[in-house]
Amino acid sequence: MDNAMQPEDTPELRRLYQGFAEHHLNPLWTQIGDLMPRHPRPRAVAHVWKWANLYPLAQRSGDLVPVGRGGERRAIGLANPGLGRQTYITPTLWCAIQYLGPRETAPEHRHSQNAFRFVVEGEGVWTVVNGDPVRMSRGDFLLTPGWCFHGHHNDTDQPMAWIDGLDIPFSFQNDVGFFEFGADRVTDYATPRYSRGERLWCHPGLRPLSQLQNTAASPIGAYRWDVTDAALTQQLLLEEEGQPATVAQGHAAVRYVNPTTGGDVMPTIRAEFHRLREGTQTQTRREVGSTVFQVFEGRGAVVMDGERTRLETGDIFVIPSWVAWSLEAETLFDLFRFSDAPIIERLNFQRSLIEAEA
C-alpha cells in the first residue's frame, strides 16, 4: 500500500502511539498493507519433499520410536519452511508420514480434527474407525472424520507407511479442538476385505433407504484404487473417442465425494486424483487456498513461481495460496491432491486465474 498519507512523526504522535500500546490498541493506518495486501502474500512457501529422503527417515523412526500412549502415532509432520517452527504444511492443512511396524498396533483415540489417509505403496494395515475395520492398500483413500474413534493394526510381518492429512492448523487457530483417548488397543482385529461402510454405501448410483439423513462427512471409509483407476482410464478412453470427458486435453481427474450430499468428503478438506498423459502440460494457474499433491506413479515435474522441480513416485509438494503453478508429465503421471477448498468456498473467498502463455 502507498505510505504517502502517513502522519508526520512528532512528539505528540509518539505519545498517541504510546497510549495505544498501553491500552492494547493498534492503528490500522500503520499496518493496512500487511492486513489487506493487493493479492495474497502467503508466509508458506512452495516446497517439494522427496520420497527418497522421507521414507528412510520414517523407517529409522520405526527402529527408534515406540507407538503407544503419549506420542500416540509414529507420524512425521511436513513443516513448511515459511511457517517457522510450526509443523504445518500450510496455514490450514497438516500432512505427515505415518509408519507402523510389523504386528504393531496404534491405540484408539478421537479428535475434533478431520483426517484422511492415502497409501502410495504397501498393504497389511487395517484402520478401525468407530469399530469398523477398514483395509488399507496401495492407492486407497481412507477417511477418519472428526470425533470418530480410530486405531490401526498391522496384521503382517512387514512395515507399512502412508500419508495422513488433517485440518489441525485450521482447528488450532480457531480453538475448536477436542481430544479423547479410547481403548489401549483397537476394538476389532478383524481383517475383512471390505468394511461395513463400503458394503453399505459403495454401490454406484444407489443409496440405502436405511440411511437417508445427510452427513457432514462421507460415510464411506475407503475409496478403492481399482475404482479410481477405472474412472480415470475411462475418461482418457472417451477423450480418444472424441467425447468431452476430461478436464483438459490429456488430463483426467476425479473428485472424491460424500454420497449423502454430493459435496466434499469432509467439511474442511477436498480430495482429488489427477492423471496426465505422457507429454501433457497443464496451464499455469493461481488459486486462493492451499493445495498439497503426492505423486502416486510416474515421472514428471511441477513448476511453482517459475521454478521447475522433477518429480517421482512418492514425492510431495505444496502450493500455497496464489502461487503460480503447472504440471508436466514425462510418463503417464498420477497424482493425489488435497486442499482446503471447502473452507475457502464456504466463506466465498475463492478466486482463480489462468495465466496467459508467454
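Following this note's numbering, the numbering of the sequence shown begins with 6 at its first residue and continues without gaps. All C-beta atoms in this analysis are idealised placements derived from N, C-alpha and C, irrespective of residue type, glycine included. What you are looking at is a predicted structure, and each value in this text was computed from that prediction instead of being measured.
Subject >> Own chain, CB closer than 6 Å to residue 6, minus 5 neighbours either side, in chain order >> reply: The residue given as residue 6 occupies position 1 in the sequence shown. With a pLDDT of 47 at residue 6, under the threshold of 50, the predicted position of this residue should be treated as unreliable, and no value is reported.
Original post:
Quick one: is residue 299 buried, meaning 16 or more other Cβ sit within 10 Å of its Cβ, or exposed?
Top reply: Residue numbering aside, residue 299 sits at position 294 when the sequence shown is read from its first letter. Buried, because 16 or more other Cβ atoms sit within 10 Å of the Cβ of residue 299.
Subject >> residue 342: first and last residue of the uninterrupted beta strand (DSSP E) it sits in >> reply: Stepping through the sequence shown from its first residue, residue 342 is reached at position 337. From DSSP, the beta strand (DSSP E) with residue 342 extends over 338-344.
Subject >> Where residue 24 falls, given that 16 or more other Cβ within 10 Å makes a residue buried >> reply: For the purposes of this step, residue 24 is taken as residue 19 along the sequence shown, with counting starting at 1. Per the 10 Å Cβ criterion, exposed.
Original post:
Which same chain residues, not among the five before or five after residue 202, have their C-beta less than 7 Å away from its C-beta?
Top reply: By 1-based counting over the sequence shown, the position of residue 202 is 197. Excluding positions up to five away in sequence, the list reads 137, 224, 225, 226.
**OP:** For residue 359, count neighbouring C-beta atoms within 10 Å of its own C-beta (all shown protein chains included) and say buried if the count is 16 or more, exposed if not.
**Re:** Working through the sequence shown from its first residue, we reach residue 359 at position 354. When all chains shown are included, residue 359 counts as exposed.
**OP:** For residue 215, count neighbouring C-beta atoms within 10 Å of its own C-beta (all shown protein chains included) and say buried if the count is 16 or more, exposed if not.
**Re:** Against the sequence shown, residue 215 aligns to sequence position 210. Exposed, by the Cβ-count rule.
Subject >> Backbone CA spacing between residue 33 and residue 79 [nearest angstrom] >> reply: In the sequence shown, residue 33 corresponds to position 28, counting from 1. In the sequence shown, residue 79 corresponds to position 74, counting from 1. Going from the Cα of residue 33 to the Cα of residue 79 covers about 44 Å.
Original post:
By DSSP, does residue 228 sit in helix, in strand, or in coil?
Top reply: Residue mapping note: residue 228 aligns to position 223 of the sequence shown, counting from 1. Looking at residue 228 - three-state DSSP - the assignment turns out to be strand.
Original post:
Are at least three pairs of beta-carbons, each pair with one atom in the region 204-212 and one in the region 84-101, less than 8 Å apart?
Top reply: no
**OP:** Compute the Euclidean distance between the alpha carbons of residue 143 and residue 193, then round it to the nearest angstrom.
**Re:** As a working note, residue 143 is residue 138 in the sequence shown. As a working note, residue 193 is residue 188 in the sequence shown. Spanning the two alpha carbons is a distance of roughly 22 Å.
Original post:
Among all the DSSP beta bridges, which residues are the ones paired with residue 100?
Top reply: Here residue 100 corresponds to residue number 95 of the sequence shown, with the count starting at 1. BP columns for residue 100 point to 170.
Original post:
Starting from residue 148 and walking both ways along the beta strand (DSSP E), at which residues does that stretch end?
Top reply: As a working mapping, residue 148 is identified with position 143 in the sequence shown. Element bounds for residue 148: 146-149.
Subject >> Contact the region 174-185 vs the region 155-162: 3+ CB pairs below 8 Å >> reply: no
Original post:
By the 10 Å Cβ neighbour count, where 16 or more other Cβ atoms means buried, how is residue 21 classified, buried or exposed?
Top reply: Position 16 of the sequence shown, counting from 1, holds the residue named residue 21. Exposed, because fewer than 16 other Cβ atoms sit within 10 Å of the Cβ of residue 21.
Original post:
Among all the DSSP beta bridges, which residues are the ones paired with residue 309?
Top reply: The residue you call residue 309 lines up with position 304 of the sequence shown. Residue 309 pairs with 312, 330.
Subject >> Sub-9 Å separation of residue 168 and residue 125 beta-carbons >> reply: What you label residue 168 is simply residue 163 of the sequence shown in a count that begins at 1. What you label residue 125 is simply residue 120 of the sequence shown in a count that begins at 1. Cβ atoms of residue 168 and residue 125: closer than 9 Å.
**OP:** Identify every residue that forms a DSSP beta bridge with residue 269.
**Re:** Residue numbering aside, residue 269 sits at position 264 when the sequence shown is read from its first letter. According to DSSP, which records beta bridges pairwise, residue 269 is partnered with 262.
Original post:
Does DSSP classify residue 137 as helix, strand or coil?
Top reply: To locate residue 137, count along the sequence shown from 1; it is residue 132. In this structure, residue 137 counts as strand in the three-state DSSP scheme.
**OP:** Look up residue 17 in the DSSP assignment and say whether it is helix, strand or coil.
**Re:** Within the sequence shown, numbered from 1, the residue matching residue 17 stands at position 12. Helix, per DSSP.
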